[in-house]
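Visitor:
There are 2 protein chains.
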Amino acid sequence: MTLSRRSPGKIYMPQGFSFSAACAGIKASERLDLGLVEAASGTTAAAVFTQNRVVAAPVEIGRAILATSHGRIRAVIVNSGNANCATGNHAYLACQQICRAAGRLLGLPSEEVFPSSTGIIGLPLPTEKILAALATLISERGATKKHVDLFTRAIMTTDTRPKLASVRFRSRKGTVTVLGVAKGSGMIHPQLATMLVYLFTDVAATPAELRQLLRGACEQTFNCISVDGDTSTNDTVLLLASGNSGVRLNQESTRKLFADALSEVCQSLAQQIVSDGEGVQHVIRLSIEQASSQKEALQVARAVAHSLLVKTAWAGADPNWGRILAAVGSSGVPINSDKVSIFIGSQLVCRNGASCRFDERRAHQHLAKPVCDVRITLQRGLASTKFLTTDLTADYVRINADYST
Amino acid sequence: MTLSRRSPGKIYMPQGFSFSAACAGIKASERLDLGLVEAASGTTAAAVFTQNRVVAAPVEIGRAILATSHGRIRAVIVNSGNANCATGNHAYLACQQICRAAGRLLGLPSEEVFPSSTGIIGLPLPTEKILAALATLISERGATKKHVDLFTRAIMTTDTRPKLASVRFRSRKGTVTVLGVAKGSGMIHPQLATMLVYLFTDVAATPAELRQLLRGACEQTFNCISVDGDTSTNDTVLLLASGNSGVRLNQESTRKLFADALSEVCQSLAQQIVSDGEGVQHVIRLSIEQASSQKEALQVARAVAHSLLVKTAWAGADPNWGRILAAVGSSGVPINSDKVSIFIGSQLVCRNGASCRFDERRAHQHLAKPVCDVRITLQRGLASTKFLTTDLTADYVRINADYST
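Taken in sequence, the protein lines are chains A and B.
Under the numbering used here, the first sequence has 318 at position 316, and the numbering climbs by one with no breaks.
Under the numbering used here, the second sequence has 172 at position 170, and the numbering climbs by one with no breaks.
Laid out in structure tokens, this is it:
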């Protein structure tokens, strides 16, 4: 009846969206820094935002727009190079002015133009440069893969490569496509960080359906990654559904297929974001098992993923499990250290809180791979979680020690 | 009536303690790695330990010894180069064996010999090497500054310099001296981290008095510092009082003088630990003001002190206050970002959550100093805290990326 097709490298285009990119001159590097998406009439939307108490103007305005329009979005305008955050009233006025101007040129009410920004905090957004670039940006929009690719490049900051993923599946009623694009490589942390993710689908869904599906997909993907533990002021994951496939979510089987496709796209983007983390040499697939609850498993995962000593050991491919054990002990979860075991790759390196004989060379070789596995068992229950994180390298420090100066 | 004398560089010796150091061969570098303190008969003691759930054998045994002896300690035996942690039963047996042997040679019950270890986790402690070095260690003990200096060097791991502080004050009944020595430069975090601190005084005090005074002194000093946010399995702060000065704490004025002297010594050691943090180029005196409670102020201080993006900006002497604001926002404290202001040195750089005109060059120059000040006001109440932290440099990563391999 149904067929789900994965896309290693292949990009499927959902119906009902066109994309564009321009160089507005916000970035000193003269790279693409302004992106636009136009969505078909009737497109529904849902979003999740940063949980940081300091939020950028576009996040506040984006949230307000979704409420006012009752989950209807017709366009997205994104700039990179400036977060449009912490510049007082200027940030709000700038954001509103850009949404209004884009709406006017597209023939849309400004309440249906969703804004995003990413880049440095505290510098005034160069509004005039963006306004001057809007006409060209809009005139050049198109629905090809080339257009999506340019849009994806326009939202990049310290990313070294564009991040895209798509899945297509067939239901009895037709073919549904989910396409996602993302940016993010620093300030990456659970609860979202300078991470912008746009998900496009041609399924037909109500905003309420989208909200629920998006929350579920984020929980297991973007909220289970961490590069540096810093949360951003601008994080946004936006899901748009044009309905142009004609396929609705009223059947349980279709809903399940769609939820799986959405999760798959989110998971791929989450992995791409972590792999492209600033200065990252190794991606670590952290698995916490036998926790007494999912929440507890996540708490342990985050304590390990945020330990500087663990992350620097990983940078040296050093099988120093003692640091991992100490990080588990500092997580706040009342673990019994005599029941904690640690695996590096398939090798047990710490049994019941104590050292055990293992092949150090093999453990070192495993950790020297670009993607490695660390598994921690707690003997406290049946809950588990998978968490993606990275090492911390001298390059990360170098990249971040002179960003604004 | 009373006179408190500070000691910039000068070391005062308390009565009733002798010190020794030896090279047992635990460290591959053949440096001093074993230290001993012998205290006069009747010495009382109190200690605080790591709050990590994974604790090393010497911490568990030290805690038990204090309980069994009702706060009486006659000797301290410390090794560096191995944490004696996470090696199962071996760790406990090794620790007990060493305490027993040291007690026998000193003519003391092993319940009055307090053990500490610091170094790598998960490797068996080379017990035989330590046992073989005990006789020489004990025969060479002495009460001079030279002996204290050697002891302080014997407990160092990645420390680049020994850390000592002392204060002497006079009360009507006599002269009281407080001497403190410490080691620690990585895994430094509130709630204690691989930090060993020994405080010696000749005041006469009950274990209960010492416990209360020690807790108070730690709260404002060792619990208000952070290098890397990692807590250790071995942290110990031990306070020993020989009573040899004949001065008791039964008068409020003497008690106050002693509490101040103890705090001053702890504060100096805390500063020395942070300044000697691994790879540290800049020490940051972080001041959080106008919080609604002390706890809240500390929560904000820790969020800022642990943000990798803030710490790397400091490494570049980059006045990137946006990252500081974002870290405040991620602290979990329900701050209103419109009320947060940030000062670098004496300059206001962010007023009410927004950028304001400031001299970037001057801010950069301030942050380029070895010790710099960052002040954050929240407009939420009257509580405040001072917190010492550091930048995060590529050198920190280098030091920690190959520790065990």
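Virtual Cβ for every residue (Gly too), placed ideally from N, Cα, C.
Keep in mind the model is a prediction, meaning the values are calculated, not measured.
Less than 9 Å between the C-beta atoms of Pro16/A and Leu181/A, yes or no?
Guide: Reading the first sequence from its first residue, position 14 is the one you call residue 16/A. Reading the first sequence from its first residue, position 179 is the one you call residue 181/A. Yes, they are a contact pair.
Visitor: Going by other Cβ atoms of all chains shown within 10 Å of its Cβ, with 16 needed for buried, is Ser22/B buried or exposed?
Guide: Along the second sequence, read from residue 1 onward, the residue named residue 22/B stands at position 20. Under this definition Ser22/B is a buried residue.
Visitor: Quick one: complete alpha helix (DSSP H) runs, 4+ long, within the stretch 114–189 of chain A?
Guide: Listed in chain order, they are 129–141, 147–156.
Visitor: With 16 as the cutoff for other CB atoms within 10 Å, does His52/B come out buried or exposed?
Guide: Indexing the second sequence from 1 puts residue 52/B at position 50. According to the sequence shown, residue 52/B is Thr rather than His. The residue in question, Thr52/B, is buried, as its Cβ has 16 or more Cβ neighbours within 10 Å.
Visitor: At a cut of 8 Å, does the stretch 253–272 of chain A reach the stretch 166–174 of chain A through at least three beta carbon pairs?
Guide: Yes, they touch.
Visitor: Between Ser333/B and the rest of its own chain, which residues show a CB-CB distance below 6 Å, the 5 nearest in sequence each way excluded?
Guide: For the purposes of this step, residue 333/B is identified with residue 331 of the second sequence, where counting begins at 1. Gln301, Val302, Ala305, listed in sequence order.
Visitor: State yes or no: is the beta carbon of Asn354/A nearer than 9 Å to at least one beta carbon in chain B?
Guide: Looking up residue 354/A in the first sequence gives position 352. Yes, because at least one Cβ of chain B sits closer than 9 Å to the Cβ of Asn354/A.
Visitor: At the level of alpha carbons, what is the spacing between Gln193/A and Ala58/A?
Guide: Taking the first residue of the first sequence as position 1, residue 193/A is located at position 191. Taking the first residue of the first sequence as position 1, residue 58/A is located at position 56. Because Gln193/A sits at a pLDDT of 37, beneath the cut-off of 50, its placement in the model cannot be relied upon, and the point is left open.
Visitor: Just to confirm my understanding: we take Gly470/A, look at its own chain, exclude 5 residues before and 5 after, and list those with CB closer than 7 Å. What are they?
Guide: Residue 470/A lies beyond the residue range present for chain A, which begins at 3 and ends at 407; the question has no answer from this structure.
Visitor: Short check: CB of Phe116/B to CB of Thr203/B, under 9 Å?
Guide: As a position in the second sequence, residue 116/B is number 114, starting the count at 1. As a position in the second sequence, residue 203/B is number 201, starting the count at 1. No; because the gap between Cβ atoms is not below 9 Å, this pair is not in contact.
Visitor: So, for Asn354/A: in the same chain, excluding its five sequence neighbours on each side, which residues have a beta-carbon less than 8 Å away from its beta-carbon?
Guide: Counting from one through the first sequence, the residue named residue 354/A turns up at place 352. Answer for Asn354/A: Asp340, Lys341, Val342, Ser343, listed in chain order.
Visitor: If you count every other CB in all the chains shown that lies within 10 Å of the CB of Gln253/A, and 16 or more means buried, which is it?
Guide: Mapped onto the first sequence, residue 253/A falls at position 251. Its Cβ having fewer than 16 others within 10 Å, Gln253/A is exposed.
Visitor: Touching or not, the stretch 122–134 of chain B and the stretch 365–379 of chain A, by the rule of three or more beta carbon pairs under 8 Å?
Guide: Not touching, per the Cβ criterion.
Visitor: Cβ of Thr154/A within 9 Å of Cβ of Val183/A?
Guide: In the first sequence, residue 154/A corresponds to position 152, counting from 1. In the first sequence, residue 183/A corresponds to position 181, counting from 1. Going by C-beta atoms, Thr154/A is nearer than 9 Å to Val183/A.
Visitor: Less than 9 Å between CB atoms is the rule here; does Pro10/A satisfy it with respect to chain B?
Guide: Your numbering for residue 10/A matches position 8 in the first sequence. Annotation note: pLDDT 49 at Pro10/A (below 50); position unreliable, coordinate value reported separately. So no, Pro10/A is outside the interface.
Visitor: On the criterion of 16 or more Cβ atoms from any shown chain inside 10 Å, does His368/B qualify as buried, or is it exposed?
Guide: Counting from one through the second sequence, the residue named residue 368/B turns up at place 366. Burial call: buried.
Visitor: Counting Cβ pairs, one atom from each stretch, are 3 or more of them under 8 Å apart for the stretch 391–404 of chain B and the stretch 282–294 of chain B?
Guide: Taking 8 Å as the limit for Cβ pairs, the verdict is that the stretch 282–294 of chain B does touch the stretch 391–404 of chain B.
Visitor: What residues of chain B sit near Arg359/A, judged by a beta carbon separation below 8 Å?
Guide: Residue 359/A sits at position 357 when you count from the first residue of the first sequence. Per Cβ cutoff of 8 Å: no residues; Arg359/A is ~12 Å from chain B at best.
Visitor: So Pro209/A and Ala48/A are supposed to be a Cβ contact under 8 Å. How far apart are they, rounded?
Guide: Looking up residue 209/A in the first sequence gives position 207. Looking up residue 48/A in the first sequence gives position 46. That belief holds up - the Cβ atoms of Pro209/A and Ala48/A are roughly 6 Å apart, short of 8 Å.
Visitor: Checking 9 Å against the spacing of the C-beta atoms, do Leu108/A and Ile140/A come in under that value?
Guide: Translated into positions along the first sequence, residue 108/A becomes position 106. Translated into positions along the first sequence, residue 140/A becomes position 138. Yes. Within cutoff.
Visitor: Of all the CB atoms in chain B, is at least one closer than 9 Å to the CB of Gln273/A?
Guide: As a position in the first sequence, residue 273/A is number 271, starting the count at 1. No, because no Cβ of chain B sits closer than 9 Å to the Cβ of Gln273/A.
Visitor: Who are the neighbours of Arg400/A on chain B, taking C-beta pairs under 7 Å?
Guide: As a working mapping, residue 400/A is identified with position 398 in the first sequence. Result: Ala396.
Visitor: According to DSSP, is Asp375/B helix, strand or coil?
Guide: Residue mapping note: residue 375/B aligns to position 373 of the second sequence, counting from 1. Looking at Asp375/B - three-state DSSP - the assignment turns out to be strand.
Visitor: Taking the alpha carbon of Gly331/B as the point to measure from, which residue in Cys87/A, Arg33/A, Val39/A, Phe19/A has its own alpha carbon closest?
Guide: Numbered from its first residue, the second sequence carries residue 331/B at position 329. Taking only the C-alpha atoms, the option nearest Gly331/B is Cys87/A.
Visitor: Restricting to Cα atoms, I'd like to know which of Gly144/A, Pro321/A, Ala329/A, Arg325/A is closest to Leu350/A.
Guide: Your numbering for residue 350/A matches position 348 in the first sequence. Nearest option by C-alpha distance: Pro321/A.
Visitor: Going by DSSP, what residues sit across from Glu291/A in a beta bridge?
Guide: In the first sequence, the residue the question calls residue 291/A occupies position 289. Thr379/A.
Visitor: For a minimum of 4 consecutive residues, which ranges assigned as the alpha helix (DSSP H) are wholly contained in the stretch 315–369 of chain A?
Guide: DSSP runs (the alpha helix (DSSP H)) wholly in the stretch 315–369 of chain A: 323–331, 362–369.
Visitor: Look up Arg250/B in the DSSP assignment and say whether it is helix, strand or coil.
Guide: Within the second sequence, the letter at position 248 stands for residue 250/B. If DSSP states are grouped into helix, strand and coil, Arg250/B belongs with the strands.
Visitor: Spell out a yes or no on whether the stretch 33–45 of chain B and the stretch 92–100 of chain B are touching, meaning 3 or more CB-CB pairs, one atom from each, closer than 8 Å.
Guide: These segments do not touch.
Visitor: Can you grab the Cα-Cα spacing for the pair His366/B / Cys226/A, in whole Å?
Guide: By one-based count along the second sequence, residue 366/B stands at place 364. By one-based count along the first sequence, residue 226/A stands at place 224. Those two C-alpha atoms are separated by around 36 Å.
Visitor: Straight-line CA distance for Gly347/B to Arg163/B?
Guide: Position 345 of the second sequence, counted from the first residue, corresponds to residue 347/B. Position 161 of the second sequence, counted from the first residue, corresponds to residue 163/B. Each residue's Cα considered, the two are about 28 Å apart.
Visitor: I'd like the span of the beta strand (DSSP E) that includes Gly218/A, first residue to last.
Guide: Here residue 218/A refers to the residue found at position 216 of the first sequence. Per DSSP, Gly218/A belongs to no beta strand (DSSP E); it is in the alpha helix (DSSP H), 209–222.
Visitor: For Asn402/A, which residues from the same chain have a beta carbon less than 6 Å from its beta carbon, with the 5 sequence-adjacent residues on both sides left out?
Guide: The residue you call residue 402/A lines up with position 400 of the first sequence. Same-chain partners within the cutoff: there are none.
Visitor: Using Cβ-Cβ distances below 8 Å, what residues of the stretch 242–259 of chain B are close to chain A?
Guide: Result list empty, no residue passes.
Visitor: Return the first residue and the last residue of the beta strand (DSSP E) that Asn91/B is part of.
Guide: In the second sequence, residue 91/B corresponds to position 89, counting from 1. Premise fails: Asn91/B lies in the alpha helix (DSSP H), 91–108, not in any beta strand (DSSP E).
Visitor: Does any C-beta atom of chain B lie closer than 9 Å to the C-beta of Asp320/A?
Guide: Here residue 320/A corresponds to residue number 318 of the first sequence, with the count starting at 1. Yes, Asp320/A lies at the interface with chain B (some Cβ there is under 9 Å from its Cβ).
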